[in-house]
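If you read the sequence shown in our numbering, its first letter stands for residue 16, the second for the next number, and so on. Data block below; observations after.
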Amino acid sequence: MPDQTLPEDDAPDFEAGGHADLTWSEDGAPRSARFGDVYFSKDDGLAESRAVFLAGCGLPERWAGRKSFTVAELGFGTGLNIIALLDLWRRQGPADGRLNVFTLEAFPLTAEEAARALSAWPEVADIASALIAAWPAGTPGFHRIDLPDFRATIDLAVGDAAWALEEWQGHGGAGADAWFLDGFSPALNPLMWSDAVMDGIAARSAPGARVATFTVAGAVRRGLSERGFAVEKRPGHGRKRERLEARLPEAGAEAMAEAAAPTGTPASVAVIGGGIAGASVARALKALDVPVVLIETERPGAGGSGFPASLVTPRLDAGDAVIAGLHAQALERARTLYAATPGAVIAPGVTQLTQADRDAVRFGKVADQPWWSEGEMTVFDGGLHMAGALTAAPRRILDAWLEDVPVVTGRVDRIERDGEILRLVDATGLILAEAAAVAVTAGWGAADLAPDLTLRPVRGQADWVEMEPAPEATAWGGYLAPTGTGFLFGATHDRDDTTTEVRPGDTDRNRAVLAARLPATADRIVGTQTSARAAIRATTTDRLPVCGVLEDGVWILGGLGSRGFCVAPLLGEHLAATIARGSSPLPAGFAARLSPRRLRGG
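This is the structure we're talking about:
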């Protein structure tokens with residue numbers, strides 16, 4: 016994972032041209048009006064995918080005995096190549112293996128357009144349906160597609176090919192085992208075959224990687240050959256006379272054994288802290304088949320994740336592309352994962368009210384940012400409606416994501432190393448757990464384990480009532496969130512205060528703020544008894560999370576502030592991937608901005 020910090024004016028360049036511009040032939044095949052080229056052979060595109068890309072990359076033989084196999088593709092298009100790949104993986108992939116796919120597309124199709132194109136192949140209709148059901152937004156940036164029934168994960172980058180390859184962190188840094196180069200022809204789309212793209216392919220290739228493509232253009236042959244690939248022409252498919260195959264040298268028997276069972280994957284991981292950060296990391300590690308144990312001082316959800324409802328909203332930034340893009344990707348990922356968790360979503364949509372005159376202009380700029388889908392951000396007189404934001408049920412999420420995770424009750428005072436083993440020890444010297452790696456996800460509790468990060472505490476007390484119907488979720492600095500049986504409101508925001516007892520005066524403050532912004536709602540609860548609790552959240556000096564390595568074998572996800580339920584699912588997957596040498600869904604530039612090194616001045 017990159018550990019340098021990117022300045023705000025060096026944000027990733029999302030060069031996407033917008034939606035695909037399609038025309039349809041009489042036989043129903045899609046064609047790019049932008050590039051004047053076809054998406055697949057009108058004779059039999061599925062057979063072409065199997066012959067050119069699957070056989071051209073030596074599949075299925077290349078993945079035999081592998082626990083993990085990574086395929087990268089240039090030109091996602093209709094998804095046909097990936098459907099052919101998934102079909103083969105389902106039939107002949109290792110029973111205990113995982114398929115990782117990285118693919119990119121500058122001009123994405125809609126799900127409806129893809130479904131129309133893929134309807135030509137009923138033999139893979141079930142796979143096409145699964146892919147279409149998870150079809151990502153066509154907005155710039157990275158999008159993750161989960162296909163658990165196929166033991167597969169797809170990361171789609173929407174944007175310029177050279178940018179996407181530079182931002183892709185590869186599979187645990189190992190790179191791709193196979194490449195499908197399926198962009199439009201070099202004569203019609205030269206940027207897809209540029210030197211920068213060829214450099215990216217070479218930099219993100221594993222030893223022994225195979226490359227397959229339909230084109231035999233001299234520039235492509237030379238570009239691959241100059242970067243160490245052995246290139247040869249092979250008989251083409253259908254009307255295409257020739258195609259290319261290329262391969263890198265193998266790394267030897269020892270490296271091949273490592274590829275079959277990656278030595279960088281820890282035998283076990285101890286996660287310190289059972290809030291949304293810890294649950295997100297644990298869920299992601301379980302998905303990678305890494306054993307997890309959770310250490311929690313009281314019980315999961317005893318801290319900032321213990322309220323009856325939580326708003327899942329992004330940080331709105333009109334000027335910093337990394338902050339805005341990170342939160343857009345995080346919100347999309349959180350929404351997907353919560354939707355798949357029974358009972359996790361209480362209500363969709365959140366309204367953000369203006370707090371200052373300048374907010375109206377700022378909200379307009381936010382709504383115009385390219386990473387929001389059409390209708391996701393709507394400006395109105397007095398605020399911004401965020402259709403993609405939501406209210407979540409913390410308890411449902413923690414229970415589901417921590418199911419079957421062993422929980423050890425205790426407070427970690429220090430982490431001690433004994434060779435390859437890390438011991439988590441309490442203040443009395445009792446060993447709470449031992450593991451090969453540790454993830455610190457303890458919110459404000461992480462401050463003692465990582466004192467040089469200068470995390471700051473913020474105390475927040477919120478109140479809630481049992482009353483229906485509940486108003487819609489609203490934020491204004493304070494917030495109101497439906498709980499399913501009433502609504503929660505607050506919260507106080509007291510820096511450097513670490514006490515958690517409920518204060519009647521803070522309840523009065525919450526009622527006063529509610530009355531000032533939503534007087535009709537406040538009138539409804541006059542004389543009504545409220546419940547309340549307080550918790551401490553951890554923040555950083557730049558209000559960005561901290562996510563990455565603290566020291567050898569010890570990692571952290573923290574400083575989430577009030578955005579935990581928005582950013583933790585995505586960042587938990589990134590942290591789990593870096594710990595277990597899996598495929599990270601996070602662009603490298605985003606990861607660099609979140610590195611713990613920035614808070615150490617290094």
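Even glycine gets a Cβ: it sits at the ideal position worked out from N, Cα and C. Because the structure is a prediction, the values reported are computed rather than measured.
Give the secondary structure of residue i by DSSP, where H, G and I count as helix, E and B as strand, and everything else as coil.
{"i": "residue 400", "result": "strand"}
{"i": "residue 536", "result": "helix"}
{"i": "residue 270", "result": "For residue 270, the pLDDT reaches just 48, beneath the cut-off of 50, and the residue's location in the model is therefore unreliable, leaving the point undetermined."}
{"i": "residue 598", "result": "strand"}
{"i": "residue 529", "result": "helix"}
{"i": "residue 83", "result": "strand"}
{"i": "residue 619", "result": "Since the first residue shown for the chain is 16 and the last is 617, residue 619 is missing from the structure and cannot be characterised."}
{"i": "residue 420", "result": "coil"}
{"i": "residue 276", "result": "Legend: pLDDT at residue 276 = 43, less than 50; position of this residue unreliable, no value from coordinates given."}
{"i": "residue 363", "result": "strand"}
{"i": "residue 593", "result": "helix"}
{"i": "residue 235", "result": "helix"}
{"i": "residue 204", "result": "coil"}
{"i": "residue 240", "result": "helix"}
{"i": "residue 17", "result": "Because the pLDDT at residue 17 is just 31, under 50, the model does not fix this residue reliably, and the value given afterwards should be weighed accordingly. Three-state result, residue 17: coil."}
{"i": "residue 541", "result": "coil"}
{"i": "residue 369", "result": "coil"}
{"i": "residue 104", "result": "helix"}
{"i": "residue 196", "result": "strand"}
{"i": "residue 489", "result": "strand"}
{"i": "residue 139", "result": "helix"}
{"i": "residue 133", "result": "helix"}
Note down, in chain order, each residue of its chain lying with its Cβ closer than 6 Å to the Cβ of residue i, except the 5 sequence neighbours on either side.
{"i": "residue 377", "result": "333"}
{"i": "residue 185", "result": "219"}
{"i": "residue 494", "result": "326"}
{"i": "residue 446", "result": "438, 440"}
{"i": "residue 228", "result": "196, 259"}
{"i": "residue 398", "result": "366, 367, 368, 369"}
{"i": "residue 132", "result": "45, 93"}
Please work out which residues of its chain come closer than 7 Å, Cβ to Cβ, to residue i, disregarding the five sequence neighbours upstream and downstream, and give them in chain order.
{"i": "residue 263", "result": "220, 222, 223, 224, 243, 244"}
{"i": "residue 201", "result": "208, 230, 232, 234, 235"}
{"i": "residue 129", "result": "93, 94, 147, 150"}
{"i": "residue 276", "result": "Low confidence applies here, because residue 276 scores a pLDDT of 43, under 50, leaving its location unreliable; read the following figure in that light. 82."}
{"i": "residue 344", "result": "156, 157, 585"}
Tell me, please, which residues DSSP counts as bridged to residue i.
{"i": "residue 284", "result": "307, 452"}
{"i": "residue 562", "result": "572"}
{"i": "residue 436", "result": "433"}
{"i": "residue 186", "result": "598"}
{"i": "residue 298", "result": "DSSP lists no partner for residue 298."}
{"i": "residue 248", "result": "259"}
{"i": "residue 115", "result": "85, 168"}
{"i": "residue 37", "result": "47"}
{"i": "residue 128", "result": "Paired residues: none, contrary to the question."}
So residue i is in the beta strand (DSSP E); what residue range does that whole segment cover?
{"i": "residue 220", "result": "220-228"}
{"i": "residue 479", "result": "471-481"}
{"i": "residue 6", "result": "Outside the shown range of the chain (16 to 617) lies residue 6, about which nothing can therefore be said."}
{"i": "residue 156", "result": "156-162"}
{"i": "residue 502", "result": "501-505"}
{"i": "residue 348", "result": "Here residue 348 belongs to no beta strand (DSSP E); instead the alpha helix (DSSP H) covers 336-354."}
{"i": "residue 325", "result": "325-327"}
{"i": "residue 546", "result": "546-554"}
{"i": "residue 495", "result": "494-497"}
{"i": "residue 322", "result": "No beta strand (DSSP E) contains residue 322, which DSSP labels as neither H nor E."}
{"i": "residue 395", "result": "392-395"}
With a threshold of 6 Å (Cβ to nearest heavy atom), would residue i be considered close to the ligand FAD?
{"i": "residue 125", "result": "As presented, the structure is devoid of all ligands, the ligand FAD included, so that no description of it is given."}
Which residue marks the beginning of the alpha helix (DSSP H) containing residue i, and which one marks its end?
{"i": "residue 605", "result": "603-608"}
{"i": "residue 414", "result": "409-416"}
{"i": "residue 376", "result": "373-382"}
{"i": "residue 386", "result": "That residue, residue 386, is in no alpha helix (DSSP H); it is neither H nor E in DSSP."}
{"i": "residue 512", "result": "It is not in any alpha helix (DSSP H) - residue 512 carries neither H nor E in the DSSP assignment."}
{"i": "residue 61", "result": "60-64"}
Taking 8 Å as the limit between beta carbons, can you name the residues of its chain near residue i, skipping five residues before and five after?
{"i": "residue 621", "result": "Outside the modelled stretch of the chain, which goes from 16 to 617, sits residue 621, for which no answer is possible."}
{"i": "residue 428", "result": "440, 441, 442, 463"}
{"i": "residue 165", "result": "101, 104, 105, 114, 142, 145"}
{"i": "residue 162", "result": "101, 145, 146, 149, 168, 169"}
{"i": "residue 79", "result": "109"}
{"i": "residue 517", "result": "476, 547, 548, 549"}
{"i": "residue 324", "result": "361, 406, 407, 408, 409, 479, 496, 497, 498, 499, 502, 503"}
Problem set entry | Segment contact flag, the region 193-213 with the region 68-78, C-beta cutoff 8 Å, min 3 pairs | yes
Exercise. Is the region 376-396 touching the region 414-421 in the sense that three or more CB pairs, one from each, lie closer than 8 Å?
Worked result: no
Exercise. Do the region 484-491 and the region 458-476 make contact, defined as three or more Cβ pairs closer than 8 Å?
Worked result: no
Exercise. Can we say the region 173-188 touches the region 350-359, given the rule of at least three CB pairs closer than 8 Å?
Worked result: no
Exercise. If you pair each beta-carbon of the region 578-594 with each one of the region 294-301, do three or more pairs fall below 8 Å?
Worked result: yes
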